[in-house]
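Worksheet: one structure, shown below.
Protein chains: 2
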Amino acid sequence: MNAFDPSITDNANKIDMTHGSGGRAMASLIRDLFHKHLVNPHLSAGNDGAVLELPPGRIVVSTDGHVISPLFFPGGDIGCLAVHGTVNDVAMMGAKPLYLTAGFILEEGFPIPDLERIISSMAGAARDAGVHVVTGDTKVVEKGKGDGVFITTTGVGVVGDNIRLQGDLARPGDKILVSGTLGDHGVAILSTRQNLEFETEIRSDTAALHGLVAVMLEAVPDIRVLRDPTRGGLAATLNEIAQQSHVGMILDERFVPIKPDVAAACELLGLDPLYVANEGKLIAICPASEAQSLCDVMRGHPHGADAAIVGEVVEDQANMVQMRTKFGGARVVDWIAGEQLPRIC
Amino acid sequence: MNAFDPSITDNANKIDMTHGSGGRAMASLIRDLFHKHLVNPHLSAGNDGAVLELPPGRIVVSTDGHVISPLFFPGGDIGCLAVHGTVNDVAMMGAKPLYLTAGFILEEGFPIPDLERIISSMAGAARDAGVHVVTGDTKVVEKGKGDGVFITTTGVGVVGDNIRLQGDLARPGDKILVSGTLGDHGVAILSTRQNLEFETEIRSDTAALHGLVAVMLEAVPDIRVLRDPTRGGLAATLNEIAQQSHVGMILDERFVPIKPDVAAACELLGLDPLYVANEGKLIAICPASEAQSLCDVMRGHPHGADAAIVGEVVEDQANMVQMRTKFGGARVVDWIAGEQLPRIC
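As they're listed, the protein sequences go chains A and B.
For the first sequence, my numbering assigns the number 1 to the initial residue and increments by one for each residue that follows.
For the second sequence, my numbering assigns the number 346 to the initial residue and increments by one for each residue that follows.
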């Protein structure tokens with residue numbers, strides 16, 4: 001193919017409805033794009049699904065749709081995000097992520113080079129995380145019935161029999177830890193949307209956290225809850241856990257790590273960083289006696305360098321999450337009732 | 346809630362962006378709609394994923410996005426289709442389907458009663474198929490960036506060690522069987538879109554086929570290939586297998602089962618039923634010596650009542666699929682190059 005190839009028209013490099021038809025165009029898209037980048041024996045077999053080899057242990061599955069806008073953002077894109085998001089959900093169950101499936105919904109007219117960039121990023125993220133994308137599906141919808149690319153990934157992993165992590169296991173007296181600074185992802189996306197420029201570029205924290213989880217569970221097997229504070233941020237996630245465990249929580253604002261430029265951007269945008277999405281951070285709840293050693297272990301891992309103990313679990317029949325402010329007061333960290341940041345993941 | 350409840354405005358019964366925010370509205374949507382209908386212990390646990398109990402055997406996964414338009418059609422809707430489609434992909438690997446995950450992408454403004462109807466249909470199909478929807482995800486996109494509801498399901502099943510079904514196992518001399526009439530699903534959808542009325546309503550054949558597959562494998566364990574001819578119909582699926590197995594195929598038109606009203610509708614619409622999608626049919630390829638007994642077993646099952654031996658596998662370096670016509674001629678059943686029926690599943 002050279003620059004004078006007459007077959008290269010404007011349309012030749014865009015997704016059209018034939019790419020979802022089950023015919024020749026779809027087969028060549030799958031072969032030339034998906035299989036090329038996501039190469040592994042399962043995918044190459046070309047069957048309707050994949051037969052998996054799994055080590056002993058209980059099997060964990062998790063699924064996540066990704067509809068982020070814009071598709072490309074500082075620090076990542078929808079491709080690596082679709083890997084990280086699901087790898088992290090599997091990891092939050094204490095499991096080692098092994099396999100992913102990927103379902104693509106493409107909008108007619110989407111540039112194929114952009115799709116290739118997304119798939120290549122997905123492949124890189126999967127390689128880095130040590131997971132294989134073993135089977136997938138592609139659908140195409142008419143222009144105006146989608147928005148470029150949506151990707152739904154499902155992760156399969158294996159968890160050892162000694163690990164019990166569940167949202168209903170937080171107990172009064174337990175400590176609450178976060179693995180690093182909050183709000184980076186959401187602020188990076190919103191800055192892009194609003195064309196805001198800051199002195200230093202704010203980048204999404206999108207990352208796979210299963211390596212961090214592995215060292216944490218190795219050091220402190222009786223962690224009670226792990227959760228990644230994505231949509232709705234720390235606030236939504238803690239409220240969810242408080243309800244599941246029938247407890248209250250008290251945060252200490254002094255210890256909640258937030259980057260100065262993220263804090264400044266939140267001020268400017270009228271956002272509360274506690275409600276802003278993260279894609280490379282986790283929350284851990286563990287017995288108080290283990291909290292400091294867990295925090296130290298987290299700080300020894302690249303994805304936990306800014307880890308901190310940010311609060312504790314308390315008895316509270318109303319299951320409220322509250323925060324002691326820097327100025328000595330207290331405020332309720334309620335669940336958001338409305339929408340803060342749409343299409344953040 | 347009564348008819349005079351002032352909180353019931355026009356918007357109150359529609360999906361809005363808050364339903365995807367990670368906050369309170371999303372939590373109540375999940376609780377009041379998804380958990381209510383799809384009730385099972387995995388889902389109620391409310392974690393980021395599910396821990397599965399699996400019997401011995403190899404694990405199979407398969408994934409399928411569903412973007413069908415219209416969402417409701419004669420014989421089914423996107424909810425039951427999203428169960429059947431993925432259950433069937435798992436079954437085509439010879440596995441018993443056990444669990445599903447479901448990722449929803451909802452368009453702002455979509456009526457919640459319609460969503461409930463879809464989820465209820467999904468729940469009924471899952472119950473009938475003996476599978477649990479164990480974990481899921483919901484995203485909301487702005488009006489005009491989606492099309493009502495898209496559903497991506499992933500299935501997990503277990504296959505016995507003695508079963509080997511793969512697209513590359515067809516051998517010259519093998520027979521090709523179909524489990525029933527072709528084209529029902531695609532014609533039902535297209536009739537709806539075009540507001541065509543026929544004397545008798547043409548209904549989609551959408552159905553879960555794992556029960557049929559189980560009796561087939563019980564009777565003839567050395568079936569070589571199973572595949573469900575969805576998008577692109579029998580033609581696309583056989584071409585795919587011919588390429589994977591490096592063989593040719595010859596069909597006999599006299600034996601290809603097609604309902605008279607479907608054939609008539611295809612005439613009217615200018616469609617070739619061999620290329621029209623099915624959602625409750627399968628193709629089996631098996632050694633010639635077993636073909637008749639396999640066909641008899643299939644006919645004894647409700648989903649295989651119209652099963653037929655429709656052709657055979659031949660040596661052909663060009664991997665062509667051909668058909669002997671009723672009039673004694675032969676024609677090539679090529680892969681479709683373009684789009685026949687968009688958004689058929």
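Heads up, the beta-carbon is just placed ideally off N, CA and C, and yes, glycines get one too.
These figures come from a predicted structure and were not determined experimentally.
List the residues that DSSP assigns as beta-bridge partners of A395(B).
-> BP columns for A395(B) point to V61(A).
Relative to the alpha-carbon of L212(A), which residue among P111(A), L43(A), D306(A) has its alpha-carbon at the smallest distance?
-> The option with the nearest alpha carbon to L212(A) is D306(A).
Spell out a yes or no on whether the stretch 379-399 of chain B and the stretch 89-99 of chain A are touching, meaning 3 or more CB-CB pairs, one atom from each, closer than 8 Å.
-> Cβ pair count under 8 Å is three or more, so yes.
How would you call H591(B), buried or exposed, if buried means at least 16 neighbouring beta carbons within 10 angstroms?
-> For H591(B), the number of other beta carbons within 10 angstroms of its own is below 16, and it is reported as exposed.
Listed from N- to C-terminal order along the chain, which residues in the stretch 30-58 of chain A have their beta-carbon within a distance smaller than 9 Å of any beta-carbon of chain B?
-> Answer in chain order: A45, G46, N47, D48, G49, A50, V51, L52, E53, L54, R58.
A330(A) - DSSP class collapsed to helix/strand/coil = Note: A330(A) maps to strand in three-state DSSP.
Can at least three beta-carbon pairs, one atom from the stretch 255-263 of chain A and one from the stretch 172-189 of chain A, be found at a separation below 8 Å?
-> At 8 Å Cβ cutoff, the stretches touch.
9 Å Cβ cut-off: residues of chain A touching V504(B) | Neighbours of V504(B) on chain A, chain order: V51.
Between the stretch 504-521 of chain B and the stretch 574-591 of chain B, are three or more C-beta pairs nearer than 8 Å?
-> Flag = yes, the stretch 504-521 of chain B and the stretch 574-591 of chain B touch.
Does any C-beta atom of chain A lie closer than 7 Å to the C-beta of P415(B)?
-> It does not; no Cβ of chain A falls within 7 Å.
Residues in its own chain within less than 6 Å of P400(B) by CB, not counting five upstream and five downstream?
-> Answer for P400(B): V503, listed in chain order.
Nearest to A436(B) by CA position, among Q511(B), G493(B), P386(B), is which residue?
-> Comparing Cα positions, the closest option is Q511(B).
Nearest chain A C-beta to R676(B) closer than 7 Å, yes or no?
-> No, its Cβ sits nowhere closer than 7 Å to a Cβ of chain A.
Smallest Cα separation from R224(A): which of A284(A), E267(A), L274(A), S191(A)?
-> Among A284(A), E267(A), L274(A), S191(A), the Cα nearest to that of R224(A) is on A284(A).
Where G328(A) falls, given that 16 or more other Cβ within 10 Å makes a residue buried | By the neighbour-count definition (other C-beta atoms within 10 Å, threshold 16), G328(A) is an exposed residue.
Identify whether D16(A) lies in helix, strand or coil by the three-state DSSP scheme.
-> In this structure, D16(A) counts as coil in the three-state DSSP scheme.
Contact list for I450(B) against chain A, beta-carbon separation under 8 Å = Chain A residues near I450(B): G65, V67, I105, F150, T152.
Please go through the stretch 81-154 of chain A and give each complete beta strand (DSSP E) segment of 3 or more residues, from N-terminal end onward.
-> 96-107, 132-141, all fully within the stretch 81-154 of chain A.
Compare the C-beta of D222(A) against all C-beta atoms of chain B and say whether one is closer than 7 Å.
-> So no, D222(A) is outside the interface.
So what's H530(B) in DSSP terms, helix, strand or just coil?
-> In the structure shown, H530(B) sits in a helix (DSSP, three-state: H, G or I).
Going along chain B in order, which residues have a C-beta closer than 9 Å to the C-beta of V60(A)?
-> Result: G394, A395, V396, L397.
Shorter than 7 Å from the beta carbon of T670(B) to some beta carbon of chain A?
-> Closer than 7 Å: no.
Per DSSP, the bridge partner or partners of E657(B) = According to DSSP, E657(B) bridges with K520(B), I595(B).
Apply the 10 Å Cβ neighbour rule to V149(A) and answer buried if 16 or more other Cβ atoms are within range, or exposed otherwise.
-> Flag for V149(A) reads buried.
From the DSSP output, read off the bridge partner residues of H66(A).
-> Bridge partners of H66(A): I151(A).
Can you name the start and end residues of the beta strand (DSSP E) that C286(A) belongs to?
-> Start and end: 283-286.
Please name the residue or residues paired with M668(B) in a DSSP beta bridge.
-> Beta-bridge pairing links M668(B) to L596(B), R676(B).
Where does L341(A) fall in DSSP's three states?
-> In the three-state scheme derived from DSSP, where H, G and I count as helix and E and B as strand, L341(A) is classed as coil.
Spell out the partners DSSP gives G211(A) in its beta bridges.
-> Paired residue(s): none; G211(A) is not in a bridge.
Please state if the CB of T575(B) and the CB of A622(B) are separated by a distance shorter than 7 Å.
-> Between A622(B) and T575(B), the gap from beta carbon to beta carbon is short of 7 Å.
Do we get a CB-CB distance below 7 Å when we pair Q667(B) with the residues of chain A?
-> Judged by the 7 Å Cβ criterion, Q667(B) is not in contact with chain A.
Listed by chain order, chain B residues near D89(A) by CB distance under 8 Å | What D89(A) touches in chain B: D393, G394.
Grouping DSSP H, G and I as helix and E and B as strand, with all else coil, what is D506(B)?
-> Of the three classes helix, strand and coil, the one that applies to D506(B) here is coil, per DSSP.
Evaluate contact between the stretch 319-326 of chain A and the stretch 417-425 of chain B, counting only Cβ atoms and requiring at least three cross-stretch pairs below 8 Å.
-> Not touching, per the Cβ criterion.
Please report how far the alpha carbon of C286(A) lies from the alpha carbon of V156(A), in whole angstroms.
-> Note on geometry: alpha-carbon atoms of C286(A) and V156(A) lie some 25 Å from one another.
Relative to the alpha-carbon of D567(B), which residue among R509(B), H429(B), A447(B) has its alpha-carbon at the smallest distance?
-> Taking only the C-alpha atoms, the option nearest D567(B) is R509(B).
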